[in-house]
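Enquirer: Numbering follows UniProt numbering, in which position 66 of the sequence shown is assigned residue number 66; successive positions increment by one, without gaps. All C-beta atoms, glycine included, are put in the ideal place defined by N, C-alpha and C.
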Amino acid sequence: MTKRPIDSDIDHEQEPPSKSPCLAVGDNDDPRPLPASIIALLITRIQHHPCIWDHDHEFFGHREQIDSAWRAIAEQTDVQGES
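Structure, rendered in structure tokens:
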């Protein structure tokens with residue numbers, strides 16, 4: 001049986017990562033947060049593409065449909081990604 005960690009087992013002095021571990025250096029160096037209006041717009045547009053977020057959608061997990069949905073969202077919001 002595995003012992004559950006107790007508070008004294010946890011290293012509280014460990015610094016959290018300064019950036020998301022999913023981002024390579026230089027991927028997103030802009031520290032400014034997105035305005036609330038842009039976030040609301042993105043949420044609305046993402047909701048129109050359930051293949052991105054709905055586990056029950058027939059195309060959930062299908063890379064081609066997901067990439068197409070993100071490209072459409074980027075075009076609609078005038079956001080350009082890497083080519």
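1. Less than 8 Å between C-beta atoms, sequence neighbours within five positions excluded: which residues of the same chain meet that for residue 77?
2. Looking only at its chain, what residues have a beta carbon closer than 6 Å to the beta carbon of residue 83, apart from the 5 residues adjacent to it on each side?
3. Exposed or buried, which one is residue 69 when buried takes at least 16 other CB atoms within 10 Å?
4. Which of helix, strand or coil does DSSP assign to residue 54?
Expert: In short:
1. Here residue 77 is taken as the residue at index 77 of the sequence shown, counted from 1. Result list for residue 77: 38, 41, 42 and 45, in chain order.
2. The residue given as residue 83 occupies position 83 in the sequence shown. Bear in mind that a pLDDT of 48 at residue 83, under 50, signals an unreliable position, so the model cannot answer this.
3. Here residue 69 corresponds to residue number 69 of the sequence shown, with the count starting at 1. It counts as buried.
4. Taking the first residue of the sequence shown as position 1, residue 54 is located at position 54. Coil at residue 54, not helix or strand.
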